Structures are given as C-alpha cells and as structure tokens.
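Going by numbering that gives the first Met the number 0, the residue at position 137 of the sequence shown is 136; the numbering climbs one at a time, nothing skipped.
For glycine and all other residues, C-beta sits at the position ideal for the given N, C-alpha and C.
Owing to the predicted nature of the structure, the values given are computational and were not obtained by experimental measurement.
Comments concern the structure below.
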Amino acid sequence: MASSGFMVPIYLLLAFAPGAKITRSWVLESPLLLLVLAGLYAATLAAAWPAGLGASMGAVSAALKAAWVAGPAALPSLDLSPLAAMFAQPLVTLLAWLHLLALDILMAREVALDGLRTGVLTTHSVLLCFFFGPTGLISHAVTRALAKLGGAPRAAAA
Numbered sequence: 000m001a002s003s004g005f006m007v008p009i010y011l012l013l014a015f016a017p018g019a020k021i022t023r024s025w026v027l028e029s030p031l032l033l034l035v036l037a038g039l040y041a042a043t044l045a046a047a048w049p050a051g052l053g054a055s056m057g058a059v060s061a062a063l064k065a066a067w068v069a070g071p072a073a074l075p076s077l078d079l080s081p082l083a084a085m086f087a088q089p090l091v092t093l094l095a096w097l098h099l100l101a102l103d104i105l106m107a108r109e110v111a112l113d114g115l116r117t118g119v120l121t122t123h124s125v126l127l128c129f130f131f132g133p134t135g136l137i138s139h140a141v142t143r144a145l146a147k148l149g150g151a152p153r154a155a156a157a
C-alpha cells in the first residue's frame, strides 16, 4: 500500500539514525506524524460509517453477544462471518490498515526513545515494529534484558 511506502523513510530514520536532528524533530518530538495518521483515520472512519461500517459493527456485536451468552465452550464455533464481511469492505480494510500503521509507529517510536535513553541497540526492534508490530516490543525487551546482563550490543552514541 502507498501508506506503507510513506512510512518507509520514517522507519529508516528511526532504525538507523534515531539520534539525528531530523529524526528527533520530525518523528520523536513532534506529534505531527501521529496527527496526520489520526486525521486520515478519522476521515476514513467518517466515510466508512455510512458506507456500511455501522451496520457491520451491529452484526459483529450481535455475534459477540451470542458468543458471550453461550460461554467459553462456544468459542470454537464462534461465527466470524460478520467480521469477515465487515473487512470485505475496502474502506474498513483501509481503516484497519491505518489503525495498524498508527499503532506500529507508536511502538517503534517508544522503542527508539527507550534506546536513546538507555543506549541499547534498537535497529532490529524498530524494523520488527514496522513489519510485525508487537514483535518489535518483545525484541526490544529481550535486547534490553541482555544488555543489562552484558550480552547485547550497545548503540553507538548519538
């Protein structure tokens, strides 16, 4: 998606130049990127709701309510078709994609900031945040723990 392409330079800055002035001012210290993503999300939500998201949410809610009433034993037979139908709508798919982009960049940003504070290498963890979201946080936690034990490389001074 084009939105992922837009994010590549941002992740490259976070991964390979977290201490650079441009990275600090445009990504780490400014809310601008997050506000742009939030604005795109809000605009997409406003377009998706009348296009069928509202009705789909009702169907998903009804399926979840039925599963709740049936109890944990019903989970294996949970009807996910309303959820699948909801994501078949292009605007809903875009909405979910923007949601993931925002969450992933928040995680990568936190990893990079923590690396700058602690001196722990974050390149691999930031890239994992880009490709696989939460695995980047796990990677950073492991790297940070290893660094405390003296078994992980330290980041170069910024």
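Environment of residue i [buried if 16+ CB atoms lie within 10 Å]
i	result
G135	buried
A47	buried
I104	buried
Nearest-angstrom Cα separation, counted from residue j out to residue i
i	j	result
T121	L34	24 Å
E28	L82	37 Å
P133	A66	27 Å
L127	V26	17 Å
T22	T117	17 Å
V141	L112	16 Å
L102	V125	13 Å
S3	G149	35 Å
F129	I137	13 Å
L100	H123	18 Å
Rounded Cβ spacing between residue i and residue j (contact assumed at less than 8 Å)
i	j	result
R153	A146	7 Å
L52	V91	6 Å
L115	P17	6 Å
- Message: To test your reading of the DSSP string, which unbroken alpha helix (DSSP H) runs of 4 or more residues are found completely within the stretch 116–143?
- Response: 122–131
Would you call the stretch 54–63 and the stretch 27–45 touching, i.e. three or more CB-CB distances under 8 Å? no
Three or more C-beta pairs below 8 Å linking the stretch 107–124 and the stretch 83–92
no
Is the stretch 5–16 touching the stretch 70–83 in the sense that three or more CB pairs, one from each, lie closer than 8 Å?
no
query: Enumerated in chain order, which unbroken segments of the alpha helix (DSSP H) with a length of 4 residues or greater are wholly contained in the stretch 29–82?
result: 31–47, 53–69
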